[in-house]
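What follows is a set of notes on a single structure, which appears directly below.
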Amino acid sequence: MNHDEVLRARMLLLGSGELSTAERLRAYRVLVHVSPAVYRTKLSRLLVKLAARSGPEARAALLAEAVTVAEGLAERDPLRTDVLGAALRVARDETAR
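Quick note on numbering that gives the first Met the number 0: the sequence shown kicks off at 0 and runs consecutively.
Take a look at the structure:
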(Lines of atoms letter the chains of each structure in order from A and count residues from 1; the text may use other names and numbers.)
(Lines give C-alpha, C1' and ligand atoms only; values in the text may rest on other atoms or scores of the structure.)
Protein backbone atom coordinates (compact mmCIF):
# COMPACT_ATOMS: atom_id res chain seq x y z
CA MET A 1 0.00 0.00 0.00
CA ASN A 2 1.31 3.40 -1.00
CA HIS A 3 2.08 5.52 2.06
CA ASP A 4 0.91 8.70 0.29
CA GLU A 5 -2.46 7.13 -0.51
CA VAL A 6 -2.91 6.13 3.13
CA LEU A 7 -2.01 9.61 4.30
CA ARG A 8 -4.39 11.24 1.81
CA ALA A 9 -7.22 8.93 2.86
CA ARG A 10 -6.65 9.68 6.54
CA MET A 11 -6.48 13.42 5.94
CA LEU A 12 -9.67 13.27 3.89
CA LEU A 13 -11.54 11.55 6.71
CA LEU A 14 -10.09 13.89 9.33
CA GLY A 15 -11.03 17.03 7.38
CA SER A 16 -13.81 19.27 8.57
CA GLY A 17 -15.80 19.19 5.34
CA GLU A 18 -18.66 16.87 4.43
CA LEU A 19 -17.48 13.97 2.30
CA SER A 20 -19.32 12.54 -0.64
CA THR A 21 -20.09 8.85 -0.63
CA ALA A 22 -17.50 8.32 -3.38
CA GLU A 23 -14.79 10.08 -1.34
CA ARG A 24 -15.59 8.05 1.76
CA LEU A 25 -15.63 4.85 -0.29
CA ARG A 26 -12.21 5.57 -1.78
CA ALA A 27 -10.77 6.36 1.65
CA TYR A 28 -12.22 3.22 3.26
CA ARG A 29 -10.94 1.04 0.40
CA VAL A 30 -7.42 2.32 1.05
CA LEU A 31 -7.55 2.26 4.83
CA VAL A 32 -9.06 -1.23 5.10
CA HIS A 33 -5.61 -2.55 4.12
CA VAL A 34 -3.79 -0.79 6.95
CA SER A 35 -6.47 -0.90 9.68
CA PRO A 36 -8.84 -3.75 8.82
CA ALA A 37 -10.29 -4.00 12.32
CA VAL A 38 -11.51 -0.42 12.02
CA TYR A 39 -12.45 -0.11 8.35
CA ARG A 40 -13.93 -3.48 7.35
CA THR A 41 -17.19 -2.71 9.15
CA LYS A 42 -17.36 0.83 7.79
CA LEU A 43 -16.55 -0.27 4.25
CA SER A 44 -19.04 -3.13 4.19
CA ARG A 45 -21.86 -0.96 5.53
CA LEU A 46 -21.10 1.81 3.06
CA LEU A 47 -21.04 -0.65 0.15
CA VAL A 48 -24.47 -1.99 1.13
CA LYS A 49 -25.82 1.55 1.42
CA LEU A 50 -24.35 2.52 -1.95
CA ALA A 51 -25.71 -0.66 -3.58
CA ALA A 52 -29.24 0.37 -2.64
CA ARG A 53 -28.85 3.49 -4.78
CA SER A 54 -27.12 1.84 -7.75
CA GLY A 55 -28.20 0.15 -10.95
CA PRO A 56 -28.46 -3.64 -11.17
CA GLU A 57 -24.93 -4.37 -12.44
CA ALA A 58 -23.20 -2.02 -10.02
CA ARG A 59 -25.46 -3.23 -7.20
CA ALA A 60 -24.39 -6.84 -7.67
CA ALA A 61 -20.69 -5.92 -7.68
CA LEU A 62 -21.02 -3.66 -4.63
CA LEU A 63 -22.90 -6.31 -2.67
CA ALA A 64 -20.36 -8.98 -3.59
CA GLU A 65 -17.60 -6.69 -2.33
CA ALA A 66 -19.58 -5.93 0.85
CA VAL A 67 -19.94 -9.64 1.61
CA THR A 68 -16.25 -10.31 0.92
CA VAL A 69 -15.18 -7.44 3.16
CA ALA A 70 -17.53 -8.53 5.95
CA GLU A 71 -16.35 -12.15 5.72
CA GLY A 72 -12.87 -10.85 6.49
CA LEU A 73 -13.94 -9.52 9.87
CA ALA A 74 -12.32 -11.37 12.74
CA GLU A 75 -14.46 -14.12 14.24
CA ARG A 76 -14.23 -12.41 17.62
CA ASP A 77 -15.35 -9.02 16.26
CA PRO A 78 -18.66 -8.23 18.03
CA LEU A 79 -20.02 -6.53 14.89
CA ARG A 80 -19.19 -9.39 12.52
CA THR A 81 -22.55 -11.14 12.80
CA ASP A 82 -24.54 -7.94 12.21
CA VAL A 83 -22.39 -6.61 9.38
CA LEU A 84 -22.01 -9.92 7.56
CA GLY A 85 -25.67 -10.78 8.13
CA ALA A 86 -26.83 -7.46 6.68
CA ALA A 87 -24.62 -7.81 3.62
CA LEU A 88 -25.74 -11.39 3.02
CA ARG A 89 -29.44 -10.54 3.49
CA VAL A 90 -29.32 -7.69 1.01
CA ALA A 91 -27.30 -9.76 -1.48
CA ARG A 92 -29.77 -12.66 -1.14
CA ASP A 93 -32.74 -10.32 -1.61
CA GLU A 94 -31.07 -8.87 -4.69
CA THR A 95 -30.53 -12.33 -6.15
CA ALA A 96 -34.19 -13.19 -5.56
CA ARG A 97 -35.37 -10.23 -7.69
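Glycine included, C-beta positions come from ideal geometry on N, C-alpha and C.
(message) Let's test the definition: count the other Cβ atoms within 10 Å of the Cβ of Ser43 and tell me whether it reaches 16, buried, or not, exposed.
(response) Numbered from its first residue, the sequence shown carries residue 43 at position 44. Counting Cβ neighbours within 10 Å, Ser43 comes out buried, since at least 16 surround it.
(request) Please name the residue in Leu72, Pro77, Thr40 and Ala86 whose C-alpha comes closest to that of Leu61. (result) Here residue 61 refers to the residue found at position 62 when the sequence shown is read from its first residue. Cα-wise, what sits closest to Leu61 is Ala86.
(request) Would you identify the three-state DSSP class for His2, choosing helix, strand or coil? (result) As a working mapping, residue 2 is identified with position 3 in the sequence shown. Reduced to three states, the DSSP call for His2 is helix.
(request) Using three-state DSSP, classify Val33 as helix, strand or coil. (result) Your numbering for residue 33 matches position 34 in the sequence shown. Shown here, Val33 sits in coil according to DSSP, grouped into three states, outside any helix or strand.
(request) Confirm, please, whether the CB-CB distance from Val29 to Glu4 is below 7 Å. (result) On the sequence shown, residue 4 is found 5 positions in, with the first residue counted as 1. On the sequence shown, residue 29 is found 30 positions in, with the first residue counted as 1. Yes. Within cutoff.
(message) Using the three-state DSSP reduction, which class does Ala8 fall into: helix, strand or coil?
(response) Residue 8 sits at position 9 when you count from the first residue of the sequence shown. In this structure, DSSP gives Ala8 a helical state, which the three-state scheme calls helix.
(message) Tell me which residue opens and which closes the alpha helix (DSSP H) that Asp81 is part of.
(response) Along the sequence shown, one-based indexing puts residue 81 at 82. Residues Arg79 to Ala95.
(message) Please return the same chain residues whose Cβ sits closer than 6 Å to the Cβ of Gly71, not counting the five positions on each side in sequence.
(response) Along the sequence shown, one-based indexing puts residue 71 at 72. Correct list, in chain order: Arg39.
(message) Going by DSSP in three states, Ser43 sits in which element: helix, strand or coil?
(response) Counted from its first residue, the sequence shown places residue 43 at position 44. Ser43 falls in the helix class under three-state DSSP.
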